[in-house]
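Residue 1 is where the sequence shown starts when you use the UniProt record's numbering, and the numbers rise one by one after that.
To start, the structure itself, in structure tokens.
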Amino acid sequence: MEVGGGETVESVLKRLDQKSEYAVVRGTCVGILFISLWALNLHVFKVAHIDISCIYPAKLVSAGGYGGSGKSDHGSGSGGSSKDVGRTTGSRRSPSAVLQKQQQQAQQPVCHPRKVINLVTVLVLAMVFCILIMSELLGQPYQHAPFIFYFLLLAAVIYPSDTTLMFRELALLFGRVLWLVVLPGTEIHFLEVLVGDILTSLSKVFFEVGLTCVATLLSLSPGLFRIVSPDIFPTLLASTPFILRIRQCVVQRRGTASGKARFLVSLNILKYCSSIPGLWLPLLLAPHYSTYQIERVLLVVLLVNSLYSFLWDVIMDWGLGHVKLTGAPKKGGGGAVRLRHWGLRPTLLFGSAGSYYAAIGLDLVLRLVWVLKYVNFDHRLSYDKFMLLIECLEVLRRGIWSIYRIEWECLSINGGRKGGGLLGRVETPMGGGIGMVAIGSKRAGGNGAGNTLARDMEGEVDLERSVGIETESGGGEGTDVTTVLLSR
């Protein structure tokens with residue numbers, strides 16, 4: 001029986017089975033790697049003393065989705081150890097004790113690095129356990145182990161116990177954010193954009209999930225694919241993250257009054273639109289052109305998209321790529337300052353400039369990792385190993401990208417919510433640094449000086465000069481004297 005394109009059901013099943021045999025295993029491994037990088041990101045911001053609570057939507061914070069603002073483990077923001085919360089001497093808890101425990105748990109941040117690290121540990125051990133059970137005890141191929149893994153994960157989310165509270169909290173948090181990504185409102189928050197971008201890095205995982213579904217349905221009912229190609233559904237599923245991001249950008253563009261901002265959002269829409277042809281061209285051109293011709297077209301399309309996305313990563317998402325700022329330092333601290341490091345920006349919160357140059361180079365290399373397919377590198381590995389390598393490298397790139405993306409967002413919103421400062425270590429002209437420096441917006445008393453001074457071990461240092469913050473002089477009462485330079 002033919003299913004379209006001259007292929008028989010047997011040939012399609014064979015092709016799909018080869019590609020989808022270990023797809024669920026790869027997707028599970030990539031998902032665990034993503035959560036591990038998420039934990040690493042949270043740990044990096046905690047070590048750097050950067051408060052990222054300003055990126056959380058107020059509507060989710062008020063619902064208890066995020067909790068505190070990343071304060072110390074012993075501070076009120078984290079609520080201390082959950083083991084001591086709500087304990088009573090008797091076997092039954094009083095209503096007040098239960099209420100107190102619920103309130104303290106609501107104040108404890110769900111996205112605490114320790115919680116996410118514990119989650120990763122549990123997931124890895126559970127996956128290894130499922131593989132051992134499937135292969136050693138049941139004598140079945142280990143590629144079916146993820147089904148047991150997901151069953152245990154679902155049971156942990158549903159089972160009402162203090163031990164599984166972490167799974168329920170994180171599942172509820174992810175569900176809320178994913179709902180906002182799929183069905184955005186009239187205003188798009190940064191976290192929704194961040195999650196949308198992360199989903200685009202999982203496009204290949206969505207494609208393989210589609211392949212698995214198609215292979216299963218085709219084996220059960222071959223008549224479903226007499227007219228429609230079996231490759232359409234996986235490709236459509238892989239395109240979904242980019243479509244969601246395009247929709248977010250359209251909503252942002254409608255809510256933007258500035259002509260320049262609308263133009264930049266349009267360029268962002270064009271960037272995501274350039275990702276879709278690379279997914280659909282092989283499917284559309286296959287009946288009419290040879291594999292060689294299709295690969296030549298894909299090479300050009302993917303190269304344009306990769307370079308476009310790389311430039312957007314560096315300039316727009318990270319706020320880097322500036323050769324110099326307009327103007328020169330003025331006496332008294334007024335005016336913009338020249339860059340201390342070529343191609344970066346004045347304020348760098350993560351160590352030396354070398355880490356930023358390394359991140360830029362690594363982002364470019366990982367953006368172009370698909371070239372390995374065109375140099376016959378995939379022939380040295382099996383299809384499953386090559387796809388796992390490509391997917392893991394893309395998730396790794398996204399993990400590195402998100403660190404600098406969140407850093408630039410914190411700088412852009414100038415400290416975030418009231419009462420939350422943007423903390424970090426900034427270099428001084430004398431070397432060394434100033435730890436725990438608040439870079440949030442401050443109000444001056446109208447003296448016109450516009451200088452925020454910080455004391456170092458060596459003496460007083462003009463903070464605006466050291467971190468490259470533009471100051472306004474002579475602003476009078478209530479003037480913002482520390483306005484982070486925005487070059488988006």
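Even for Gly, the Cβ is constructed at its ideal location relative to N, Cα and C.
Q) In whole angstroms, what is the alpha-carbon distance linking Thr216 and Gly361? A) About 41 Å.
Q: Quick one: using the 10 Å Cβ neighbour count with 16 as the cut-off for buried, is Arg296 buried or exposed?
A: So Arg296 counts as exposed.
Q. Which residue comes first and which comes last in the alpha helix (DSSP H) that contains Arg367?
A. Where Arg367 is concerned, the enclosing alpha helix (DSSP H) stretches over Ala353 to Arg367.
Q. If we ignore side chains and look at the alpha-carbon of each, how far apart do Ile131 and Cys29 end up?
A. Taking the straight line from one Cα to the other gives about 12 Å.
Q) Around the C-beta of His288, are 16 or more other C-beta atoms found within 10 angstroms, so that it is buried, or is it exposed? A) Counting C-beta atoms within 10 angstroms of its own C-beta, His288 has fewer than 16 neighbours from the protein chains shown and is therefore classed as exposed.
Q. How about Ala145 and Val157: are their beta carbons less than 9 Å apart?
A. No.
Q | Pro184 and Val251 closer than 9 Å at C-beta | A | In this structure, the beta-carbon distance from Pro184 to Val251 falls below 9 Å.
Q. Leaving out the 5 sequence neighbours to the left and right, which residues in its chain are closer than 7 Å to Ile315 when beta-carbon positions are compared?
A. Around Ile315: Gly321.
Q: Look at the alpha carbon of Tyr150 and the alpha carbon of Gly343, and state the distance between them as a whole number of angstroms.
A: One C-alpha to the other measures close to 46 Å.
(Q) Rounded to the nearest angstrom, what separates Val300 and Tyr374 at their Cα positions? (A) In a straight line, the C-alpha of Val300 is about 12 Å away from that of Tyr374.
Q.
According to DSSP, simplified to helix, strand and coil, what is Leu320?
A. Three-state result, Leu320: coil.
Q. Which runs of the alpha helix (DSSP H) fall wholly inside the region 161–219 and span at least 4 residues, in chain order?
A. Runs found: 165–182 and 190–201.
Q: Assign Gln140 to one of three DSSP states: helix, strand, or coil.
A: Gln140: coil per DSSP, three-state reduction.
Q: State the start and end residues of the unbroken alpha helix (DSSP H) segment that holds Val371.
A: Counting along the chain, Val371 falls outside any alpha helix (DSSP H), and DSSP gives it neither H nor E.
**Q.** Span of the alpha helix (DSSP H), counted from its first residue to its last, around Ala113
**A.** It should be noted that the sequence gives Pro, not Ala, for residue 113. For Pro113, the enclosing alpha helix (DSSP H) stretches over residues Pro113 to Leu132.
Q: Could you pull out every residue in the same chain whose Cβ sits closer than 6 Å to the Cβ of Asp384, ignoring the five residues on either side in sequence?
A: Closer than 6 Å at Cβ, skipping near neighbours: Tyr22.
Q | Extent of the continuous alpha helix (DSSP H) run through Val314 | A | It is not in any alpha helix (DSSP H) - Val314 carries neither H nor E in the DSSP assignment.
Q | Residue environment, Glu391, which counts as buried when at least 16 other CB atoms sit within 10 Å | A | Buried: at least 16 other Cβ atoms inside 10 Å.
Q. Terminal residues of the continuous alpha helix (DSSP H) containing Leu411?
A. Boundaries of the alpha helix (DSSP H) around Leu411: Tyr383 to Ser412.
Q.
Check for me: the alpha helix (DSSP H) holding Tyr150 runs from which residue to which?
A. Residue range Ala145 to Ile158 is occupied by the alpha helix (DSSP H) that includes Tyr150.
Q: Give me the Cα-Cα distance between Phe129 and Ser290, rounded to the nearest whole angstrom.
A: Rounded to whole angstroms, Phe129 to Ser290 spans 46 Å at the Cα level.
**Q.** Coarse secondary structure for Val239, derived from DSSP in three states
**A.** The identity of residue 239 in the sequence shown is Ser, whereas the question assumes Val. In the three-state reduction of the DSSP assignment, Ser239 falls in the helix class, which pools H, G and I.
Q. Would you call Gly399 buried or exposed, if buried means 16 or more other Cβ atoms sit within 10 Å of its Cβ?
A. Burial state of Gly399 is buried, judged by a 10 Å Cβ sphere holding 16 or more other Cβ atoms.
(Q) Going by DSSP, what residue range makes up the alpha helix (DSSP H) through Thr347? (A) Thr347 -> no alpha helix (DSSP H), and no H or E assigned at all.
Q: Identify the continuous alpha helix (DSSP H) that holds Pro282 and give its terminal residues.
A: Pro277 to Leu285 is the extent of the alpha helix (DSSP H) around Pro282.
**Q.** Helix, strand or coil at Ala23 [DSSP, three-state]
**A.** Correct three-state label for Ala23: helix.
Q | Short Cβ contact (9 Å threshold) for Asp363 with Trp401 | A | With contacts defined by Cβ atoms closer than 9 Å, Asp363 and Trp401 form a contacting pair.
Q) Exposed or buried, which one is Glu394 when buried takes at least 16 other CB atoms within 10 Å? A) It is buried - the Cβ of Glu394 has at least 16 other Cβ atoms within 10 Å.
Q) Does the region 228–240 touch the region 302–316, meaning 3 or more C-beta pairs lie closer than 8 Å? A) Segment contact: the region 302–316 against the region 228–240, fewer than three CB-CB distances shorter than 8 Å; contact not assigned.
Q. Does the distance from the CB of residue 523 to the CB of Leu173 come in under 9 Å?
A. Beyond the ends of the chain as shown, which are 1 and 488, falls residue 523; an answer cannot be given.
Q.
For Asn305, count the other beta carbons within 10 Å of its own beta carbon; 16 or more makes it buried, fewer makes it exposed. Which is it?
A. Within a 10 Å sphere around the beta-carbon of Asn305 sit 16 or more other beta-carbons, which makes this residue buried.
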